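Worksheet for the structure shown next.
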């Protein structure tokens, strides 16, 4: 079948770390189908471009509210592309908003995939979103809505058509050979995420200080960047943790796995997540995780592969890290990695989307959408 993916979040040569989960979903679908991607670049003034990105044909078009004519150009493109698609598949909430008119005009079978924690917890999002969270009712229009965790699916069903919300997780694509943990005595931790308030890097730094105070020889590598970098650097200096915390900065997605392999444990005290891709990637590398119990990733983080923390004070997080090191010392990386690699492989996720498409096409063939010839 011909699947048209429309998304406002998608990687590009200039921003390879943007929304890799959408890229991976598209590649999973591509195993069984002909996939084309339209990347709507919100707020951009870049010219329309067509390229191949990681084996996928991608058209990039800008949509800038300050340039109203860009909305007409986008509408023309989406109407043209959706006219030959068997399924329209939007990915990321804002994508549903930009695609709603062509979807309704073409009456094309429509699937929407959601990853964003702002859908489940609008109050956790800074800015104007809490005032506009009523827009979530647009999710009543797609014929199926997929969420990446059971928690997200439950929330999506509040807005979607009856029984239209389905669980399809993120892809965790890791075929690297499994490596044993570092042999040295120093406790090595890794975090992968932006230096942004929601990831709570300052809490992570204070947790390292608590570990050091308790006599632990510990080092945290934080992979990622963001607006809290200067504040994080100042806190590291204030707490005299220059030898205990490294702010690595942004690295290409393909290079992240090497940082997991160089660590004993993954630790990131996030305020809330849905799927929590970086935690799943750490598990796929055979590393146990220590994270707060604050999201849908409890679908797969269990006592068999991590420690979930209910009290997110630095002292409690530090104690959980010490307990995790003791629990998972000598653990077989394959025992941690294998269930994750199987459950979240491209093939597994691709088959789940195939089931969703089959259901949607059957429903629309009986009168809920465009007749297929």
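Numbering (the numbering used here), first residue to last: 2 to 374.
All C-beta atoms, glycine included, are put in the ideal place defined by N, C-alpha and C.
This structure is a prediction, so every number in the text was calculated from the model and none was measured.
Within 10 angstroms of the beta-carbon of residue 135 lie fewer than 16 other beta-carbons, which makes it exposed. Assignment of residue 307 by DSSP, reduced to helix, strand and coil, places it in the strand class. Between the alpha carbons of residue 224 and residue 9 lies a distance of about 24 Å.
The beta carbons of residue 33 and residue 351 sit closer together than 7 Å. Counting every other CB atom within 10 Å of its CB across the protein chains shown gives residue 111 a total of 16 or more, marking it as buried. Taken through DSSP and simplified to helix, strand or coil, residue 199 comes out as helix.
Nearest in C-alpha terms to residue 24, of all of 116, 43, 102, 47, is 116. Annotation: the continuous alpha helix (DSSP H) that includes residue 28 extends over 21 to 31. One Cα belongs to residue 219, the other to residue 212, and the distance between them is close to 7 Å. Here residue 318 is not bridged, per DSSP, to any residue. A distance of 7 Å or more separates the beta carbons of residue 281 and residue 120.
Taking 7 Å as the cut-off, the beta carbon of residue 118 is found closer than this to the beta carbon of residue 275. When 27, 6, 16, 330 are compared, the shortest CA-CA separation from residue 184 is found for 330. Put simply, the segment 91 to 108 does not touch the segment 261 to 270. Fewer than three CB pairs are less than 8 Å apart. With a threshold of 16 other beta carbon atoms within 10 Å, residue 297 meets it and is buried.
Restricting attention to beta strand (DSSP E) runs no shorter than 3 residues, the segment 124 to 166 encloses them at 145 to 148, ordered along the chain. According to the DSSP assignment, residue 54 belongs to the beta strand (DSSP E) that extends over 50 to 54. For residue 359, the enclosing alpha helix (DSSP H) stretches over residues 347 to 364. Counting along the chain, residue 115 sits inside the beta strand (DSSP E) bounded by residues 111 to 115.
The segment 329 to 343 and the segment 285 to 295 touch, with no fewer than 3 CB-CB distances between them shorter than 8 Å. Residue state for residue 267 is assigned as strand, using DSSP reduced to three classes. Excluding its 5 nearest sequence neighbours in each direction, residue 315 has C-beta neighbours in its own chain below 8 Å: 204, 207, 208, 210, 211, listed in chain order.
The C-alpha of residue 123 is placed about 10 Å away from the C-alpha of residue 129.
Contact annotation, residue 46 with residue 74: C-beta distance approximately 12 Å; criterion of less than 8 Å not satisfied. In this structure, residue 313 lies away from residue 294, with their beta-carbon atoms at least 7 Å apart. Relative to the Cα of residue 18, the nearest Cα in the group 217, 109, 324, 194 belongs to 194.
Around the Cβ of residue 53, a 10 Å sphere holds fewer than 16 other Cβ atoms; the residue is exposed. Residue 148 counts as buried, since no fewer than 16 other beta carbons sit within 10 angstroms of its beta carbon. Residue environment: residue 221 is assigned as buried (16 or more neighbouring CB atoms within 10 Å of its CB, all protein chains considered).
The alpha-carbon of residue 77 is positioned some 16 Å away from that of residue 43.
A straight-line Cα-Cα distance of about 25 Å links residue 131 and residue 72.
Positions of the alpha helix (DSSP H) runs, each at least 4 residues long and wholly inside the segment 213 to 300, are given as 230 to 239, 257 to 262, 278 to 285 in order along the chain. In the three-state scheme derived from DSSP, where H, G and I count as helix and E and B as strand, residue 179 is classed as coil.
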